[in-house]
Amino acid sequence: MSSGRDPAPAIDEGPTEKCGVVGLSLSERDAALPAYYALYALQHRGQESAGIVTHDGFQQHQHIAMGLVGDAFDEGDIEGLAGPTGIGHVRYPTAGSIDESNAQPFTVSFKGGSLALSHNGNLVNAGEIRDELGDIGHAFTSDGDTEVIAHDLARNLLEADLVRAVKRTMDRIHGSYALTIMHGDTVLGLRDPEGNRPLVIGELEDGYILASESAAIDTLGGSVVRDVNPGELVVLDENGDGFDAYQLVERDRHAHCFFEYVYFARPDSVIDDTLVYEVRRDLGRKLWEESGVDTDVVMPVPDSGRAFASGYAEAAEGVEFAEGLMKNRYVGRTFIMPTQEARERAVRLKLNPIRSTVEGRTVTIIDDSIVRGTTSRQLVSLVREAGAEEVHVRIGAPPITAPCYMGINMATREELIAAEQDADDIAEIIDADSLAYLSNEAVAEAIGTDRSNLCMGCVTGEYPYDIDDEGTDREVNRPVIGDGGL
Ligand code: SF4
Numbered sequence: 010m011s012s013g014r015d016p017a018p019a020i021d022e023g024p025t026e027k028c029g030v031v032g033l034s035l036s037e038r039d040a041a042l043p044a045y046y047a048l049y050a051l052q053h054r055g056q057e058s059a060g061i062v063t064h065d066g067f068q069q070h071q072h073i074a075m076g077l078v079g080d081a082f083d084e085g086d087i088e089g090l091a092g093p094t095g096i097g098h099v100r101y102p103t104a105g106s107i108d109e110s111n112a113q114p115f116t117v118s119f120k121g122g123s124l125a126l127s128h129n130g131n132l133v134n135a136g137e138i139r140d141e142l143g144d145i146g147h148a149f150t151s152d153g154d155t156e157v158i159a160h161d162l163a164r165n166l167l168e169a170d171l172v173r174a175v176k177r178t179m180d181r182i183h184g185s186y187a188l189t190i191m192h193g194d195t196v197l198g199l200r201d202p203e204g205n206r207p208l209v210i211g212e213l214e215d216g217y218i219l220a221s222e223s224a225a226i227d228t229l230g231g232s233v234v235r236d237v238n239p240g241e242l243v244v245l246d247e248n249g250d251g252f253d254a255y256q257l258v259e260r261d262r263h264a265h266c267f268f269e270y271v272y273f274a275r276p277d278s279v280i281d282d283t284l285v286y287e288v289r290r291d292l293g294r295k296l297w298e299e300s301g302v303d304t305d306v307v308m309p310v311p312d313s314g315r316a317f318a319s320g321y322a323e324a325a326e327g328v329e330f331a332e333g334l335m336k337n338r339y340v341g342r343t344f345i346m347p348t349q350e351a352r353e354r355a356v357r358l359k360l361n362p363i364r365s366t367v368e369g370r371t372v373t374i375i376d377d378s379i380v381r382g383t384t385s386r387q388l389v390s391l392v393r394e395a396g397a398e399e400v401h402v403r404i405g406a407p408p409i410t411a412p413c414y415m416g417i418n419m420a421t422r423e424e425l426i427a428a429e430q431d432a433d434d435i436a437e438i439i440d441a442d443s444l445a446y447l448s449n450e451a452v453a454e455a456i457g458t459d460r461s462n463l464c465m466g467c468v469t470g471e472y473p474y475d476i477d478d479e480g481t482d483r484e485v486n487r488p489v490i491g492d493g494g495l
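Here is the structure:
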């Protein structure tokens, strides 16, 4: 979900995922504790706020707070969330948009009952719908697009049954969305017709769960049933017995976000039947095939580059694979860095090279992405200072040349180092002996799908939606400088 606010720079560099969602319907226990654990498993998808809304058959209960899941809830909060059905949400981190009005799940009461929504994604026509609803008297309390979906759905629920109301809303909203919704004590899951964001159904001992990633289902000891199909509505039975599915919209082609596989999702998650870890290893192998360079040692940027580097080293046969960069695990995923100097220091805070691994040797560093180039420059400099003779950099994705309008915080086009410069120019800027990226074709091959079923907007500038015609405020995704894969 997008807030439309102007987030302040937070940390190094790298795109940040905007949210993780869950929804549960159980038969023998309250949903709050398993929802809490599931959100823990999805913490990497959002660290700004966390929330759970449950329903006990009579009324909703909610606890939504800023911060990490572990900080947002205490035991009393969980105990206060009665009821066997519930939905939950973790939201992305940005220093500038710390604002509880945008924390989720978003709740609304209306003549037809109660609604709660958790949203991962970004609508490209939220402004237009907001204006229309505003004209007929809807009052909004946040500037987020999730509230727009909530109001539109509430309006449709007054005139139609659940499935028809959802269909009407789907016909109105354009953009990316994986939603868990609770209407009364009924939990729904909805995935946009392009399948841009992931959403998966799992079976637990005593009920069913919907989650952004299968790792959340594994955490609860459940088993994956299947992905929610693009354009499909899933309605969990209130008693946890099963679910009904309705294919409300069907498209010839989809637009799965390739960055989920490259960067956002946990490596142990399975998205659309594909294990993310295996995709990353295969991307590493292809990286060697496309641009392998003679080297003494291959090193990942921890932790994000590890799977790529192991695939690369395997394909390179006989080349040493080593952890030459040690990560300080106690530096938080985000911390405020108001100045460039502070941003540069952040790399030293997080990483330290092992001198004996690199001294006097040709080193290849593998990472998953370069956004602004600041981190890469620092990394190369660290490794050179530790005595490396040559430093080559290989990236397991194509160059990021354009922003994302589907719910991911990238840098602005002006900040994207690859928007105007090719790999050789960038190699010079980051002081690497060589730099190479992976091709678009290799990405599609590794994911195991046709290129036409992937969104690769941030590397091609071609989006699955006609952004201008949809009237998107291009300012929506203003920069958040994210984790940078460190
Ligand atoms: S533009 Fe990039 S990050 Fe955004 S949805 Fe498409 S592939 Fe994913």
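Just so we're on the same page, this note's numbering is the position in the sequence shown counted from 1, plus 9. Note that the Cβ used here is the ideal one computed from N, Cα and C, for glycine as well. Computed from a predicted structure; not experimentally measured.
Report task. Indicate whether the contact test is met: 3 or more Cβ pairs, each with one atom in the segment 395 to 409 and one in the segment 371 to 386, closer than 8 Å. Result -> Pairwise C-beta distances place the segment 395 to 409 in contact with the segment 371 to 386, as three or more of them are shorter than 8 Å.
**Report entry** Spatially closest choice to GLU156 from ALA169, SER390, ILE182, VAL172, by CA coordinates
**Finding:** That would be ILE182, whose Cα lies nearest to the Cα of GLU156.
**Report entry** Boundaries of the beta strand (DSSP E) in which ALA220 is found, first to last residue
**Finding:** From DSSP, the beta strand (DSSP E) with ALA220 extends over 216 to 220.
Query raised in the report: Should GLY29 be labelled buried (16 or more other beta-carbon atoms within 10 Å of its own) or exposed?
Result: GLY29 comes out buried.
Query raised in the report: Going along the chain, which residues of its own chain have a beta-carbon closer than 8 Å to the beta-carbon of ILE438, five neighbours each way excluded?
Result: Within its own chain, the residues whose Cβ lies closer than 8 Å to the Cβ of ILE438, once the five positions on either side in sequence are excluded, are GLY382, ARG386, ILE426, GLN430, listed in chain order.
Query raised in the report: From LEU208 to VAL237, what distance separates their C-alpha atoms?
Result: Each residue's Cα considered, the two are about 6 Å apart.
Query raised in the report: How big is the Cα-Cα spacing for THR103 and GLU57?
Result: In this predicted model, THR103 has a pLDDT of only 43, less than 50, meaning its place in the structure is not dependable enough to derive any value.
Query raised in the report: Helix, strand or coil: how does DSSP classify ASP376 here?
Result: Correct three-state label for ASP376: strand.
Query raised in the report: Expressed to the nearest angstrom, what Euclidean distance is found between the alpha-carbon atoms of ARG173 and SER278?
Result: One C-alpha to the other measures close to 32 Å.
Query raised in the report: Run through DSSP, which three-state label would ALA104 get?
Result: For ALA104, the pLDDT reaches just 35, beneath the cut-off of 50, and the residue's location in the model is therefore unreliable, although a value from the coordinates is still provided. Three-state result, ALA104: coil.
Query raised in the report: Cβ of PHE268 within 6 Å of any heavy atom in ligand 1?
Result: For ligand 1, at least one heavy atom lies less than 6 Å from the Cβ of PHE268.
Requested in this report: For GLY466, verify whether its CB is less than 6 Å away from any heavy atom of ligand 1.
Outcome: True, at least one ligand heavy atom lies under 6 Å from that Cβ.
Query raised in the report: On the three-state DSSP scale, how would you describe SER185?
Result: SER185: strand per DSSP, three-state reduction.
Query raised in the report: Per DSSP, LYS336 forms a beta bridge with which residues?
Result: For LYS336, the pairing in a beta bridge is given by DSSP as LEU360.
Query raised in the report: Going by the CB atoms, is the gap between VAL389 and VAL367 shorter than 7 Å?
Result: For VAL367 and VAL389, no; Cβs fall outside 7 Å.
Query - Within 7 Å, strictly: CB atoms of GLY249 and GLY216 - result: With contacts defined as CB atoms closer than 7 Å, GLY249 and GLY216 qualify as a contacting pair.
Query raised in the report: When the Cα of GLY211 is compared with those of TYR446, PRO93, SER232, ASP194, which residue comes out closest?
Result: Ranked by how close their Cα comes to the Cα of GLY211, the residues TYR446, PRO93, SER232, ASP194 have SER232 in first place.
Query raised in the report: If we cut at 7 Å on Cβ distances, does PHE149 have a partner in chain B?
Result: Given the protein chain composition of this structure (a single chain), no chain B is represented.
Query raised in the report: When burial is assigned at 16 or more other CB atoms within 10 Å of the CB, is ILE145 buried or exposed?
Result: The residue is exposed, with fewer than 16 neighbouring Cβ atoms inside 10 Å.
Query - Endpoints, beta strand (DSSP E) assigned at ARG386 - result: Where ARG386 is concerned, there is no enclosing beta strand (DSSP E), although the alpha helix (DSSP H) it sits in stretches over 383 to 394.
Query - Residues of its chain near GLY470, where Cβ-Cβ distance is below 7 Å and the 5 sequence neighbours each way are ignored - result: THR410, ALA411, listed in sequence order.
Query - HIS128 vs GLY204 beta-carbon contact at 7 Å - result: No, these two residues do not count as a Cβ contact at 7 Å.
Query - Spatial distance of THR228 from LEU219 (CA atoms) - result: If I take the Cα positions, the gap works out to 13 Å.
Query raised in the report: Does the Cβ of ILE417 lie closer than 6 Å to at least one heavy atom of ligand 1?
Result: Yes, the beta carbon of ILE417 sits closer than 6 Å to at least one heavy atom of ligand 1.
Query raised in the report: Does the beta carbon of CYS413 fall short of 6 Å from some heavy atom of ligand 1?
Result: Remark: the shortest separation between the CB of CYS413 and any heavy atom of ligand 1 falls under 6 Å.
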